[in-house]
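Okay, structure first, notes after.
Protein chains: 2
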Amino acid sequence: MIREANEGDWDEIFPFFRAIVDAGETYAYPSGLEKDEARELWMERPPALTVVAQLDSDVVGSAKMGPNHPGRGSHVATASFMVSPQHQSQGVGMALGKFMIAWARESGYHSVQFNAVVETNSGAVHLWESLGFVVLATVPQAFDHAKYGLVGLHVMYLPL
Amino acid sequence: MIREANEGDWDEIFPFFRAIVDAGETYAYPSGLEKDEARELWMERPPALTVVAQLDSDVVGSAKMGPNHPGRGSHVATASFMVSPQHQSQGVGMALGKFMIAWARESGYHSVQFNAVVETNSGAVHLWESLGFVVLATVPQAFDHAKYGLVGLHVMYLPL
């Protein structure tokens, strides 16, 4: 089940947010963020939105979505996704992705752009391609991967 | 002359910042920003930097530069540039661009990425190409141009 996040959800999101950022394989957030600092980066306010994926009573994933740029770029949406490491490869990312696309379409966005999908994160790349995204470009060596060193960041795009 | 901006420079930058944003042809900032709100968006703190181009005693242009992403993306620089409409096509953008590239190289960045160069802003596109940038991709219809409607945004890239 995907639903809008509330303030109380942050206690469940933060542990996997922290684990995913600290693993250094998928996100260019600062490492070692405190719980309050990370909340500011993840928990959005309108017109943007943060949602959670709930499985039974547990929060197992989260996504945030909103305009990629303000003003004259605000008709293009962007989004970010995190799934708890214990619940990956179980369709949670797919459910969050489909929710985001439906939300962007209903909200009147013209397209969705991802600015920085790590090229070695093949699970994510394949997921987005399966939902219709294309890789517009790969910025060479733009991400310092904890295992592989400098790898590319895909700019991905879906017209709506 | 290019020099680091100080707080007092904002009084001279803001009028052309406002004019350029309100013209709606080159920047996806919110329109109608108040002077204090716009200052927060333009006047950077370390490790980022804001500079001005000074001609005689007048501030005729400004640029800001810094990491494109935090954390594991912070070895890629990005930058933004504004030249007073009365002083365009006089080499001010070129001087600011060359300063930025030298600064990025000296600061140890691996490359420079521009995320959103309006494709119809041919003066800017040609300037960056003359300094070695390439267009990696064009995000279709990502900018709502005041005159031309929806036009593309170039992602441009320079290895250092």
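Protein chains in written order, with my numbering: chain A, 309 to 468; chain B, 309 to 468.
Every residue gets a Cβ at the ideal spot worked out from N, C-alpha and C, and that includes glycine.
At a cut-off of 8 Å between C-beta atoms, V463/B counts as an interface residue with respect to chain A. Counting along the chain, the unbroken alpha helix (DSSP H) around K343/B starts and ends at K343 to W350. Between the C-alpha atoms of M408/A and A387/A there is a straight-line separation of about 8 Å. Residues of the stretch 408 to 429 of chain B with a Cβ closer than 8 Å to any Cβ of chain A, in chain order: H418, S419, Q421, N423 and A424. With respect to chain B, the C-beta atom of Q449/A has a partner C-beta closer than 8 Å. Contact annotation: in the stretch 368 to 381 of chain A, residues whose CB is within less than 7 Å of a CB in chain B are H377, P378, G379, R380 and G381.
Residue environment: E414/A is assigned as exposed (fewer than 16 neighbouring CB atoms within 10 Å of its CB, all protein chains considered).
Within the model, the alpha-carbon separation for G401/A versus L461/B is close to 28 Å. Taking the Cα of S392/A as reference, the smallest distance to any Cα among G416/A, P375/A and D366/A is reached at D366/A. At a cut-off of 8 Å between beta carbons, S339/B contacts chain A. Boundaries of the beta strand (DSSP E) harbouring F422/B: S419 to V426, taken from the DSSP string. Counting along the chain, F325/A sits inside no beta strand (DSSP E); it lies in the alpha helix (DSSP H) bounded by residues W318 to A331. DSSP places A454/A outside both helix and strand once states are collapsed to three, so it counts as coil. The three-state reading of DSSP puts Q398/B in coil, since its state is none of H, G, I, E or B. Residue contact with chain B for D452/A: present (Cβ-Cβ distance below 8 Å to some residue of chain B). Looking at the DSSP output, P375/B bridges to A385/B. Between M390/B and G369/B, the gap from beta carbon to beta carbon is short of 8 Å.
Spatial neighbours of A403/B in its own chain (CB-CB distance under 7 Å, excluding positions within 5 residues in sequence) are listed in chain order as I310 and A361.
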